[in-house]
Each structure stands twice: as structure tokens, then as C-alpha cells.
Amino acid sequence: MFSVDSVCERLHREGKKITPQRRLIYQALASKTTHPSAEDIYEEVRAIIPDISPATVYKTLRELVDMGEVLEIKYQSDQIRFDPLITPHNHLVCTRCYSIENVYKKITIPELDAEEKAGFHIRQSEIIYWGLCSACQS
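Quick note on numbering: this note's numbering labels position 118 of the sequence shown as 590, and the sequence is numbered without any gaps.
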């Protein structure tokens with residue numbers, strides 16, 4: 473889990489501006505134990521800063537992903553969630569409500585050799601288990 477202060481310190485060292493909007497977005501994400509969407513973060517921040525734009529939230533989240541401070545979970549072609557827990561873990565995704573849970577069991581994912589990578593620079597790998605959560609089974 474990243475800390476708001478460490479992210480702000482890193483941005484400051486890199487000469488980037490830490491605006492109140494950015495700080496609030498970091499705080500909203502850092503407080504989550506779930507896997508919020510950009511829309512979830514936007515709605516939470518907008519309750520405090522009504523004139524914040526969705527673009528500011530999307531851009532800030534993208535920056536955090538690019539910095540390696542949060543993980544991006546793409547579970548449908550148009551569905552993206554963000555995970556503030558960057559230590560190695562995998563996910564359970566409900567095929568009905570799309571809730572996401574962390575799986576902490578250590579699972580060894582085979583490394584790819586250079587030929588298998590086909591020129592890709594691998595940034596992250598994970599296993600996603602698909603099924604019905606307990607609420608959707610009821």
C-alpha cells in the first residue's frame with residue numbers, strides 16, 4: 473500500500489506540482505481496501521471539490537500507475553479498477569457483480585524466456601480467478 477506522503481515526496485523530487493486535487497485523489501485511493509474505479513474515486517473527491525474534472529482524476533490515476541505506485545486491473549475490455557496494494561498477489565473476480573477480492577496465496581507464475589516475451593517488457597503479471605462471490609450465489 474502506498475502512502476500519500478511518500479508519493480508527494482517523490483513527485484516533489486521529480487519537480488512535479490502537488491495540487492490539493494492530486495493530494496485528495498491520493499488520499500481517496502490510499503484509504504481503500506477495495507479496488508475502486510476511476511469513477512468511484514471521482515465521485516468521492518467531487519463531494520469535497522465539486523469543480524474537479526474527471527480528466528484530472530483519470531490523469532492522476534494514470535500517473536500513479538506509470539510510477540508503479542498502484543496496479544491497474546483490467547477485467548473487461550472497458551472496465552478498469554485500481555489497486556493500491558502493489559505487493560505480489562492475485563485476484564478473485566465475480567462474473568456477476570464484478571467485485572474483486574485479493575488472493576494472498578503464493579502462486580509461482582512461470583517466467584517467460586526472451587523468445588516467449590515477443591519483445592514485450594513485462595511490467596506485471598497476475599492470475600485472475602473468475603466465479604461467483606458469496607453474495608451472488610445467494
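Beta carbons: idealized from backbone N, C-alpha and C, even for Gly.
Fair warning: this is a prediction, and the values are worked out from it, not measured in the lab.
| Check | Outcome |
| --- | --- |
| Taking just the CA atoms, how far does ASP585 sit from PHE592? | 11 Å |
| With distance defined between alpha-carbon atoms, name the residue in ASN562, LYS489, GLN493 nearest to PRO522. | GLN493 |
| Since I believe ALA519 is in contact with PRO556 (beta carbons under 8 Å), could you give me their beta-carbon distance rounded to a whole number of angstroms? | Between ALA519 and PRO556 the Cβ distance is about 19 Å, and since that is not below 8 Å, they are no contact. |
| Mind listing, in chain order, the continuous beta strand (DSSP E) runs of no fewer than 3 residues lying wholly within the region 558-590? | 562-566, 572-575 |
| Is LYS546 helix, strand or coil by DSSP? | strand |
| In this structure, how does DSSP classify ASP538 when only helix, strand and coil are distinguished? | helix |
| Taking the straight line between their C-alpha atoms, what separation do you get for CYS566 and LEU604? | 5 Å |
| Tell me which residue opens and which closes the alpha helix (DSSP H) that GLN609 is part of. | 606-609 |
| Using CA coordinates, which residue listed in GLN551, ARG553, TYR576, ILE552 is at the minimum distance from THR559? | TYR576 |
| Quick one: is ALA607 buried, meaning 16 or more other Cβ sit within 10 Å of its Cβ, or exposed? | exposed |
| Comparing alpha-carbon positions, which option in LYS578, GLU573, SER610, GLN551 lies nearest ALA510? | GLN551 |
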